[in-house]
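These notes concern the structure reproduced below.
Numbering (the numbering used here), first residue to last: 112 to 455.
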């Protein structure tokens, strides 16, 4: 790899880690906000703080927890995000493309998959002309390997939760009203009405410090950025209220818990987006939804224990949105190879 990027979500490993209810509760709460304090988690699930810390450390060592990231709205930093899906004619040479994309500073995400497409990547550029230049060069170089491609312009993205971890909706409801008295998880700020914010160099220093370690303590961020703790706190509050920071995320290796990761690609017409997003937010198996302009206008990430369960989720979606579906396709996601948030 050309530099250290975050990797996660799923790896080709047989599920060997058995999780008890305490593990699942901890993972679910971290899925709501990765900065929730061990004290708040301990109080919520009625165990000691030391046990919570031990469990998080153990889950990280077992690679159930792949990392903690700060999910940043790159559009607020002036970037336009293009999502590219590829069908390849020679999968044995896929590594050539992956290596090229890994070394490209414009590429922020690379994932390989199976089904409708073989590879997905995202490109972040300030000017649309930069993407046109990059992609023209890419296609010229790999024309003999690419059967076809689709390019989407990303509009919105939203993580919707990790309900599949605990499954029981009553238990989810009990866990959802967690309160963090410490305040460094900024739960209140995430629920406030969006305000405008021009991101400056100081903001970018804070974002970079937290980008691949969203649980870093405020004092740690202050030390790393050489800023006063109160400055860090106030800047983070503003970055969250302005939706520059969209979420503090724990990234899980669902494969180790016995889950498959599918992406459902959708071409919808006249759909009530609020209804669609509410359905995704409330569904325990749906973790992420994105909207686009292009061949597909939505993509939903679904985690299920087998293909039958995935079929049930798709059927449920079809029953509810049948009047709006023009076309759909699906992919199984194998690995996240590169994740970079353009922060230097």
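Using N, Cα and C, we set each Cβ at its ideal position, and we do this for glycine too.
None of the values given here were measured: they were computed from a predicted structure.
Reduced DSSP secondary structure (H/G/I, E/B, other) of residue i
i: residue 438; result: strand
i: residue 163; result: helix
i: residue 178; result: strand
i: residue 208; result: helix
i: residue 131; result: coil
i: residue 190; result: coil
i: residue 273; result: coil
i: residue 104; result: As shown, the chain starts at 112 and ends at 455. That puts residue 104 outside it, with no answer to give.
i: residue 173; result: coil
i: residue 373; result: strand
i: residue 398; result: strand
i: residue 152; result: helix
i: residue 379; result: strand
i: residue 424; result: helix
i: residue 157; result: coil
i: residue 410; result: strand
i: residue 343; result: helix
i: residue 313; result: helix
i: residue 308; result: coil
i: residue 452; result: coil
i: residue 292; result: coil
Classification of residue i by the beta-carbon crowding that lies within 10 angstroms, buried from 16 upward
i: residue 358; result: buried
i: residue 449; result: buried
i: residue 112; result: Unreliable placement is indicated for residue 112, whose pLDDT of 38 sits below 50; no coordinate value is reported for it.
i: residue 139; result: buried
i: residue 233; result: buried
i: residue 389; result: exposed
i: residue 402; result: buried
i: residue 225; result: exposed
i: residue 190; result: buried
i: residue 394; result: buried
i: residue 409; result: buried
i: residue 228; result: buried
i: residue 451; result: buried
i: residue 381; result: exposed
i: residue 258; result: exposed
i: residue 376; result: buried
i: residue 453; result: buried
i: residue 303; result: exposed
i: residue 235; result: buried
Under 8 Å between C-beta atoms of residue i and residue j
i: residue 137; j: residue 152; result: yes
i: residue 371; j: residue 436; result: no
i: residue 209; j: residue 221; result: yes
i: residue 313; j: residue 338; result: yes
i: residue 256; j: residue 199; result: yes
i: residue 135; j: residue 276; result: yes
i: residue 300; j: residue 344; result: no
i: residue 369; j: residue 263; result: no
i: residue 148; j: residue 334; result: no
i: residue 326; j: residue 145; result: yes
i: residue 353; j: residue 296; result: no
i: residue 197; j: residue 260; result: yes
i: residue 156; j: residue 355; result: no
i: residue 427; j: residue 378; result: no
i: residue 217; j: residue 253; result: no
i: residue 72; j: residue 318; result: In the structure as shown, the chain starts at 112 and stops at 455, and residue 72 therefore has no counterpart that could be examined.
i: residue 310; j: residue 187; result: yes
Identified DSSP bridge partners for residue i
i: residue 223; result: 230, 446
i: residue 198; result: 259
i: residue 359; result: 181
i: residue 265; result: 403
i: residue 323; result: Paired residues: none, contrary to the question.
i: residue 236; result: 191
i: residue 218; result: 234
i: residue 415; result: 371
Of the residues the options, the one placed nearest residue i, counting alpha carbons only
i: residue 127; options: 156, 164, 155, 170; result: 170
i: residue 396; options: 342, 367, 341, 273; result: 273
i: residue 176; options: 184, 182, 183, 167; result: 167
i: residue 464; options: 206, 289, 387; result: Residue 464 cannot be examined here, being either before or after the span of the chain that is shown, 112 to 455.
i: residue 150; options: 317, 291, 200; result: 291
i: residue 412; options: 283, 400, 348; result: 400
i: residue 398; options: 415, 408, 383, 333; result: 415
i: residue 173; options: 207, 301, 367; result: 367
i: residue 320; options: 336, 308, 309, 310; result: 336
i: residue 446; options: 231, 280, 240; result: 231
i: residue 131; options: 249, 294, 278; result: 278
i: residue 129; options: 430, 452, 365, 429; result: 365
i: residue 212; options: 157, 432, 250, 431; result: 250
i: residue 240; options: 304, 340, 193; result: 193
i: residue 441; options: 374, 243, 268; result: 374
Cutoff 8 Å: residue i Cβ touching any chain D Cβ
i: residue 232; result: In summary, chain D is missing from the structure at hand, where a single protein chain is found.
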